[in-house]
Each structure stands twice: as structure tokens, then as C-alpha cells.
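Participant: Below is a structure I'd like to ask you about.
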Amino acid sequence: MAYPVEPNNTFIAWFIFYCSAVYMCIVGAVVKLIKGC
Amino acid sequence: MTTAGWLIFTFVVTLAFYLFFGSWLGRYTKSLEDYYVAGRKMPALVIAATFMASWTSAAGLSGVAGCGWNWGLSGALWFYGSYFGVAIILIWVALPMRRGMFLTATDFFEERFGGSSRLRTVAVITMVFGMAAYYVGQIVAMGRIMELIVNIPYAYVVWSIVGILAIYIFFSGMMGVAITDVVMFATILLVAVAFPVMFYKYGGWNGLFHTLPQIKPGIWRLSGTGGSLGPNLHYWIGAALAYLALTTTSPHLLSRAFTAKDERSLIHGLTWGFIALAIVLPLWFTAVVFVNMDVSSLGGVIKKVDHVVPYMMNNILPVWLSCIILAGIAAAGISTANVIITVLSQAVVRDIWQKLWHKGGKDIPDEKVFKYTRIWVLILSAVLGFIATVIPARSAFIIAWGAAVFAMTYLPVVMIGLYWDRVTEKAAFWGMVTGLILFLGLSTAALDKAVAQALYLSPTLWATLYSFVFIFVASYLTKKSPEEVAAWEKMKAQMFPKEKVYGTVKDYWSLGVGATVFTIFLVWFVGRMIIS
Numbered sequence: 009m010a011y012p013v014e015p016n017n018t019f020i021a022w023f024i025f026y027c028s029a030v031y032m033c034i035v036g037a038v039v040k041l042i043k044g045c
Numbered sequence: 002m003t004t005a006g007w008l009i010f011t012f013v014v015t016l017a018f019y020l021f022f023g024s025w026l027g028r029y030t031k032s033l034e035d036y037y038v039a040g041r042k043m044p045a046l047v048i049a050a051t052f053m054a055s056w057t058s059a060a061g062l063s064g065v066a067g068c069g070w071n072w073g074l075s076g077a078l079w080f081y082g083s084y085f086g087v088a089i090i091l092i093w094v095a096l097p098m099r100r101g102m103f104l105t106a107t108d109f110f111e112e113r114f115g116g117s118s119r120l121r122t123v124a125v126i127t128m129v130f131g132m133a134a135y136y137v138g139q140i141v142a143m144g145r146i147m148e149l150i151v152n153i154p155y156a157y158v159v160w161s162i163v164g165i166l167a168i169y170i171f172f173s174g175m176m177g178v179a180i181t182d183v184v185m186f187a188t189i190l191l192v193a194v195a196f197p198v199m200f201y202k203y204g205g206w207n208g209l210f211h212t213l214p215q216i217k218p219g220i221w222r223l224s225g226t227g228g229s230l231g232p233n234l235h236y237w238i239g240a241a242l243a244y245l246a247l248t249t250t251s252p253h254l255l256s257r258a259f260t261a262k263d264e265r266s267l268i269h270g271l272t273w274g275f276i277a278l279a280i281v282l283p284l285w286f287t288a289v290v291f292v293n294m295d296v297s298s299l300g301g302v303i304k305k306v307d308h309v310v311p312y313m314m315n316n317i318l319p320v321w322l323s324c325i326i327l328a329g330i331a332a333a334g335i336s337t338a339n340v341i342i343t344v345l346s347q348a349v350v351r352d353i354w355q356k357l358w359h360k361g362g363k364d365i366p367d368e369k370v371f372k373y374t375r376i377w378v379l380i381l382s383a384v385l386g387f388i389a390t391v392i393p394a395r396s397a398f399i400i401a402w403g404a405a406v407f408a409m410t411y412l413p414v415v416m417i418g419l420y421w422d423r424v425t426e427k428a429a430f431w432g433m434v435t436g437l438i439l440f441l442g443l444s445t446a447a448l449d450k451a452v453a454q455a456l457y458l459s460p461t462l463w464a465t466l467y468s469f470v471f472i473f474v475a476s477y478l479t480k481k482s483p484e485e486v487a488a489w490e491k492m493k494a495q496m497f498p499k500e501k502v503y504g505t506v507k508d509y510w511s512l513g514v515g516a517t518v519f520t521i522f523l524v525w526f527v528g529r530m531i532i533s
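From first to last, the protein sequence lines stand for chains W and E. Quick note, the first sequence lines up with residues 9 to 45 if you use this note's numbering. Quick note, the second sequence lines up with residues 2 to 533 if you use this note's numbering.
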């Protein structure tokens, strides 16, 4: 079966960008606790 | 019993549970602080649940998931522009706000600017209209969804939800909101169970990344099917910004920070709640995207995107799972509405009656404020419930309007007010007022398609941009009064104290585990897409 070629790499990039909000939150929390909040 | 019978049974049991459990919690609500800010003693778990459950709405779980079915996962996730808002509130807003020891969010506006009652007035007016619109939007959305799913007449659904909320919040206030939100958040997370069920039913990864794009080309493109997100990009950015502002500074979410036991509970609560939801929502949306395997076009058995989730529950999922999802959607809606009605009644009694009408009202005893707030929960519920039953507008429009008013008012004043010493009361006041007027004018004018096109960016974006610029420029042109300077010095010392709270090894461990869990999810989900 021939699969249609999906340009899904744009989606992946976007999805990772979106999920980076979670990392921003975790890193923010760690930095706050290290530097003293 | 039929599927419909089980669903109605679940709906009734869910509501009855919240009614009795919520009212029972009233026994722990003894003081005004209990009723307004849950006694300021909520641990991390409760903070996670109450913030995230209030943040997730019924329309989000149902209508937005339907958008994902039609336009692809990016279509669904766009609505969650507030993702970054959670990080912003955690890093910059929640901690100083908690240290301010406010009872309501509008306290900040008055106290920050040396007892400016006109700033409190405009903050309260914005809040009452924004939150009332948001409440009505939630109730309308819930009524429509439940009408579709359980086939109970719209008005019955509206009045049963409004009534149950009014009764249990009358008894337990913010304490009841926070604790019942824990149950609701757990129920919301359970909707993710739909993912494995749909996944195995429709051919796993192969079905998701190969068969689905054949049925619906573009489902995994950034621009979605037919590139429909492309031309409207500015609209999506405007909506994302509105929700970001709502997440960062809206009173119903900001007030979650006031309830925290201590600073570390607040940090952990926000982070862990966010991680949980950021895993569950894409799974749930993807489960709904799978419905395309069964029905892939609008117009037949699925007439609107709002009908996708009800269709899935009635025709695809096993009954037990449909009941779980119904409970999850109900929990998402109720947990948003319960806190809004609480902060609205607080706004009427404390902000308008005590602080503005009685000019501070220091001689009014707490018991009186407590009693009146309870009565206003009932009055507001009756009024807004009535509006919800008669309003003709589409719920998404009402919610979007209610969410948007915070973007050009609360967002700039809170952010600039916290981090820029130079800002003046005059600039903040006139920035909020003119920003709001500009937004109302532009959004009314933009109902005309030609005007909307000429604007290019959404009214929310224009008005927010204007507000920020105005407040900066006007602060340079005006001077602060001595009261303002003194008030901010006092508040700043309290919000940004010299003695700091540092994390312990346990804190870093648990946050590290959080980061790992999320990374595994991301690699698993996106990695499979790359391999496919």
C-alpha cells in the first residue's frame, strides 16, 4: 500500500514548540527555587 | 439500561454528588477567609486541581475537540494559547500576588496605586462583565452539550447546574470550590482513557498516521485540513492571546494563588497540574480525531463540530467509557463555573458594597460581609441562570468576549504594575478605560466583514497592544502622587521580600521527575509520528 506523503514535519515542530510551555514552567519553577522565590 | 439511560443516570449522580459533598464541606467554612480564599491553607495537590480544573472548560473538552476532528490536532490545540499563560503566571505573577495577602483580585488595583478607588471601580466593572459573560458562556455551552449527549431539555440542564452550584457554594464558598475541584480534576484526567480504546479499535499508529491522512488529507499538517488555519492565522493568534491573558491575570484563576498554603505548594501545584493536563489533552483530542475513521465529513450524521463528541459517545465508545467522559465534561464545566460565581459574588459584596459604597468599610464586621456574599451567590446565580436560558448568541462568542476583556485591562496593569516602578495611577486608569472602549468599539465594528478585513489583526490584539503602549507613554508624561509612592514601597517590600524561600533536594527531585515524565510522553508521541 502506498502511503500518501504528509508534510507532517511542520506539525512536529509546532507541537514541540507548543509543549515547550511545559518546559518553560518546569525550568521556571526550578530557577525560582534555586535563586530563592 | 440503554446508553441514553446510563448517561442520564451518570449525569444525575454526578450532580447529586457535587451538591451533597460541596454542601457538606460548608462545615469547614467558618470565617470570611475560609469563604473567600479557602483559609489560605491549600496544599500543592489542591492547587494543581483547582487551577487546572477551573482552566479547562466543558466547551474546551467538547467543542474544541470537535475542531480537532475537523481541522486536525493543531486546530484543537490553537485554542489552548493559554499554555504559555500557565508558565507566565507561575514565574511572574502568582507568588507576589499570594504574598500581597489580598482577599479579591481587585484589591491589587486599589492598593498598588495608593488607594485608588477609581482604579478598583474600573477593575470591578471589567471583571463583573467579563466574568458574567464567561459564566453565561460556560452554562450555555454545558446546556447545549448535555442536551445533545443526554437528551434532557436545555433549560432543565441549565437550571439544574446553576441551582446545584448556587446551593453548595452558598454553604462552602471558596473552600468548597477548591476541594470539589480535586474530584473534578481527577474526573477530567480520566477522559484520556478514550485514547487507548480508540487507538486499538482503529489500527494504532498505522491508523493514526497513515490511514487517517488518506481519509482526511492534511489532518497532520500545521495548517490543518485544506489549510483553513492559514488565512485566519491572526484570528487564532488573537484568540490565543485572549486566553493567555485570561490564564495569567483573570480573577477566577489569579484568586487560586491566594488559597495556597505556602509558596512551594503554589509552585508545585501549578507545575504538576500543568504537566498532567498537557499530557491528557493531546491524548483526548487525538482520540476524537480518530472519529474520522467512522465519519469524516460534516453534514451527515455529524452536522456541526459540536456534535462530534456526542456522536462518539453514543455510537463508538463502550457505555462505561461514555459515562466517564460525560462525567469529565460535566466536571470541566462545573469547575469553571463554580469559581466564577464565587468571585463574582465577592466582587459585588466586598468590592462594590464594602470598598466602594462604604468607602473602605472598615467598620463593617466580617460576619456581615460573609452573610451578604452568601446571599449574592444565590441572587447572581438566579440572574445569570435566567440570562443563560434566554440568550440567543453562540456560546463560543460569549466566552471569547468574556475572556478577551482581561487582555487589555488586567494583563497590562498587573504585569506593568508588578515589574515597573515608574507606572502611574493616571496611566493605569486611563489605559484600562480607553483600552476597554477601544476593544468594545473595534469588536462591534468588526462584526462587519469589511471592517474586520481592514483591521487585519483581531480587535483583542489591537486593543492590548494599544493598552501597553498607552500605559508606558502616559507614565512618562504624568507624575506619581506621594501616596502612590508610599503604597508601592510598602507593597513591594511585602511582595518581593529579602528573606527568600529556597527549594530542597526533594523539590528538585520531584520537578525532575515531572520533566522526565513529560519528555517520555513527548518522545513517545512525536517519535512515533516521525517513524511512521
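The beta carbon of each residue, even a glycine, is placed where N, CA and C say it ideally should be.
Would you say Leu318 (chain E) faces chain W, with C-beta separation under 8 Å as the test?
Facilitator: For the purposes of this step, residue 318 (chain E) is taken as the residue at position 317 of the second sequence. Taking Cβ atoms only, chain W never reaches closer than 8 Å to Leu318 (chain E), which makes this a no.
Participant: Here's the rule I'm using: 16 or more other beta-carbon atoms within 10 Å means buried, otherwise exposed. How should Trp421 (chain E) be labelled?
Facilitator: Along the second sequence, one-based indexing puts residue 421 (chain E) at 420. Exposed.
Participant: DSSP has Met613 (chain E) in a bridge; who is on the other side?
Facilitator: Outside the displayed span of chain E (2 to 533) sits residue 613 (chain E), for which this structure offers no information.
Participant: So with CB distances below 8 Å, who are the chain W contacts of Thr517 (chain E)?
Facilitator: Here residue 517 (chain E) corresponds to residue number 516 of the second sequence, with the count starting at 1. Within chain W, no residue comes near Thr517 (chain E); the closest Cβ sits about 10 Å away, beyond 8 Å.
Participant: If you follow the alpha helix (DSSP H) that Arg99 (chain E) is in, where does it begin and where does it stop?
Facilitator: Taking the second sequence and counting its residues from 1, the one referred to as residue 99 (chain E) is at position 98. Arg99 (chain E) -> alpha helix (DSSP H) spans 95-100.
Participant: Can you check whether the C-beta of Tyr19 (chain E) is within less than 8 Å of a C-beta belonging to chain W?
Facilitator: Reading the second sequence from its first residue, position 18 is the one you call residue 19 (chain E). Not one chain W Cβ lies under 8 Å of Tyr19 (chain E).
Participant: Does DSSP put Val38 (chain W) in a helix, a strand or coil?
Facilitator: Residue numbering aside, residue 38 (chain W) sits at position 30 when the first sequence is read from its first letter. In this structure, Val38 (chain W) counts as helix in the three-state DSSP scheme.
Participant: Give a yes or no on whether the minimum CB-CB distance between Trp221 (chain E) and chain W is below 8 Å.
Facilitator: As a first step, residue 221 (chain E) is located in the second sequence; it is residue number 220 there, counting from the start. For Trp221 (chain E), the answer is yes, since a Cβ of chain W falls inside 8 Å of its Cβ.
Participant: Roughly how many whole angstroms lie between the Cα atoms of Leu20 (chain E) and Leu166 (chain E)?
Facilitator: Along the second sequence, read from residue 1 onward, the residue named residue 20 (chain E) stands at position 19. Along the second sequence, read from residue 1 onward, the residue named residue 166 (chain E) stands at position 165. Rounded to whole angstroms, Leu20 (chain E) to Leu166 (chain E) spans 7 Å at the Cα level.
Participant: For chain W, is any of its Cβ atoms less than 8 Å away from the one on Gly61 (chain E)?
Facilitator: One-based indexing of the second sequence puts residue 61 (chain E) at position 60. No, because no Cβ of chain W sits closer than 8 Å to the Cβ of Gly61 (chain E).
Participant: Could you tell me which uninterrupted alpha helix (DSSP H) segments, each at least 4 residues in length, are contained entirely in the stretch 306-381 of chain E, listed from first to last along the chain?
Facilitator: Whole alpha helix (DSSP H) segments, 4+ residues: 309-316, 320-347.
Participant: Please state whether the Cβ-Cβ distance between Lys480 (chain E) and Thr425 (chain E) is less than 8 Å.
Facilitator: Position 479 of the second sequence, counted from the start, is the residue given in the question as residue 480 (chain E). Position 424 of the second sequence, counted from the start, is the residue given in the question as residue 425 (chain E). Closer than 8 Å, so yes.
Participant: Rounded to the nearest angstrom, what separates Ser297 (chain E) and Ile216 (chain E) at their Cα positions?
Facilitator: The residue given as residue 297 (chain E) occupies position 296 in the second sequence. The residue given as residue 216 (chain E) occupies position 215 in the second sequence. When rounded, the distance between both Cα atoms is 7 Å.
Participant: Does the beta carbon of Leu78 (chain E) come closer than 8 Å to any beta carbon on chain W?
Facilitator: Taking the first residue of the second sequence as 1, we reach residue 78 (chain E) at position 77. It does; some Cβ of chain W falls within 8 Å.
Participant: Using 8 Å as the threshold, is the stretch 485-499 of chain E in touch with the stretch 268-287 of chain E, meaning 3 or more CB pairs across them?
Facilitator: No, the stretch 485-499 of chain E is not in contact with the stretch 268-287 of chain E.
Participant: Looking at chain W, is there any beta carbon in it that lies within less than 8 Å of the beta carbon of Val524 (chain E)?
Facilitator: Counted from its first residue, the second sequence places residue 524 (chain E) at position 523. By this cut-off, Val524 (chain E) is not an interface position.
Participant: Kindly indicate which three-state DSSP category Ile126 (chain E) falls into: helix, strand or coil?
Facilitator: Position 125 of the second sequence, counting from 1, holds the residue named residue 126 (chain E). Helix at Ile126 (chain E).
Participant: Residues of chain C with CB under 7 Å from Phe23 (chain W), in chain order?
Facilitator: No chain C appears in this structure, whose protein chains are W and E.
Participant: For Gly86 (chain E), which residues in the same chain have their Cβ closer than 6 Å to its Cβ, ignoring the five residues on either side in sequence?
Facilitator: What you label residue 86 (chain E) is simply residue 85 of the second sequence in a count that begins at 1. Here the set comprises Leu245, Thr248, Thr249.
Participant: I want to verify the contact list: residues of chain W whose CB lies under 7 Å from the CB of Gly504 (chain E), in sequence order.
Facilitator: Along the second sequence, read from residue 1 onward, the residue named residue 504 (chain E) stands at position 503. In chain order: Leu41, Ile42.
Participant: Could you work out which residue in E:Gly208, E:Asp263, E:Ala288, E:Leu282 is closest to Val198 (chain E) when comparing CA atoms only?
Facilitator: As a first step, residue 198 (chain E) is located in the second sequence; it is residue number 197 there, counting from the start. When only C-alpha atoms are compared, the closest one is E:Ala288.
Participant: For a contact defined as C-beta to C-beta under 9 Å, what are the partners of Phe275 (chain E) on chain W?
Facilitator: Position 274 of the second sequence, counted from the start, is the residue given in the question as residue 275 (chain E). The contacting residues are Ala29, Val30, Cys33, Ile34.
Participant: What residues from chain W crowd round Leu96 (chain E), counting only those whose CB sits closer than 9 Å?
Facilitator: The residue given as residue 96 (chain E) occupies position 95 in the second sequence. Correct list: Lys40, Cys45.
Participant: Around the C-beta of Gln554 (chain E), are 16 or more other C-beta atoms found within 10 angstroms, so that it is buried, or is it exposed?
Facilitator: Because chain E spans 2 through 533 in this model, residue 554 (chain E) falls outside it and cannot be assessed.
Participant: Is there at least one Cβ from chain W nearer than 8 Å to Asp263 (chain E)'s Cβ?
Facilitator: Within the second sequence, numbered from 1, the residue matching residue 263 (chain E) stands at position 262. Chain W, which has no Cβ nearer than 8 Å to the Cβ of Asp263 (chain E), makes this no.
Participant: In whole angstroms, give me the CA-to-CA distance for Ala408 (chain E) and Met2 (chain E).
Facilitator: Your numbering for residue 408 (chain E) matches position 407 in the second sequence. Your numbering for residue 2 (chain E) matches position 1 in the second sequence. Taking the straight line from one Cα to the other gives about 48 Å.
Participant: Are Thr18 (chain W) and Leu191 (chain E) touching if we call contact CB-CB under 8 Å?
Facilitator: Numbered from its first residue, the first sequence carries residue 18 (chain W) at position 10. Numbered from its first residue, the second sequence carries residue 191 (chain E) at position 190. No, they are not a contact pair.
Participant: Quick check on the burial criterion: 16 or more other C-beta atoms within 10 angstroms. Buried or exposed for Lys40 (chain W)?
Facilitator: Counted from its first residue, the first sequence places residue 40 (chain W) at position 32. Buried, by the Cβ-count rule.
Participant: Pull up the CB-CB distance for Val178 (chain E) and Ala389 (chain E), whole angstroms please, since I reckon it's below 8 Å.
Facilitator: Start at 1 with the first residue of the second sequence, and residue 178 (chain E) comes out as number 177. Start at 1 with the first residue of the second sequence, and residue 389 (chain E) comes out as number 388. Contact flag wrong, Cβ pair sits at about 19 Å.
Participant: Starting from Pro214 (chain E) and walking both ways along the alpha helix (DSSP H), at which residues does that stretch end?
Facilitator: Reading the second sequence from its first residue, position 213 is the one you call residue 214 (chain E). Taken as a continuous stretch (DSSP letters only), the alpha helix (DSSP H) holding Pro214 (chain E) covers 213-216.
Participant: For Phe471 (chain E), would you say it is in contact with chain W, using Cβ-to-Cβ distances shorter than 8 Å as the test?
Facilitator: Along the second sequence, read from residue 1 onward, the residue named residue 471 (chain E) stands at position 470. Output row for Phe471 (chain E): interface = no.
Participant: How big is the Cα-Cα spacing for Gly432 (chain E) and Ser251 (chain E)?
Facilitator: Working through the second sequence from its first residue, we reach residue 432 (chain E) at position 431. Working through the second sequence from its first residue, we reach residue 251 (chain E) at position 250. Those two C-alpha atoms are separated by around 17 Å.
Participant: Need the endpoints of the alpha helix (DSSP H) that Asp508 (chain E) sits in, please.
Facilitator: Locating residue 508 (chain E) in the second sequence gives position 507, counting from the first residue. Start and end: 506-532.
Participant: For Ile34 (chain W), count the other beta carbons within 10 Å of its own beta carbon; 16 or more makes it buried, fewer makes it exposed. Which is it?
Facilitator: Position 26 of the first sequence holds residue 34 (chain W). Ile34 (chain W) comes out buried.
Participant: Using a Cβ-Cβ cutoff of less than 7 Å, which residues in the same chain neighbour Val129 (chain E) once the five nearest sequence positions on both sides are dropped?
Facilitator: The sequence position of residue 129 (chain E) within the second sequence is 128, counting from 1. Cβ neighbours of Val129 (chain E) beyond the five flanking positions: Leu345, Ala348.
Participant: For Val163 (chain E), would you say it is in contact with chain W, using Cβ-to-Cβ distances shorter than 8 Å as the test?
Facilitator: By 1-based counting over the second sequence, the position of residue 163 (chain E) is 162. Chain W, which has no Cβ nearer than 8 Å to the Cβ of Val163 (chain E), makes this no.
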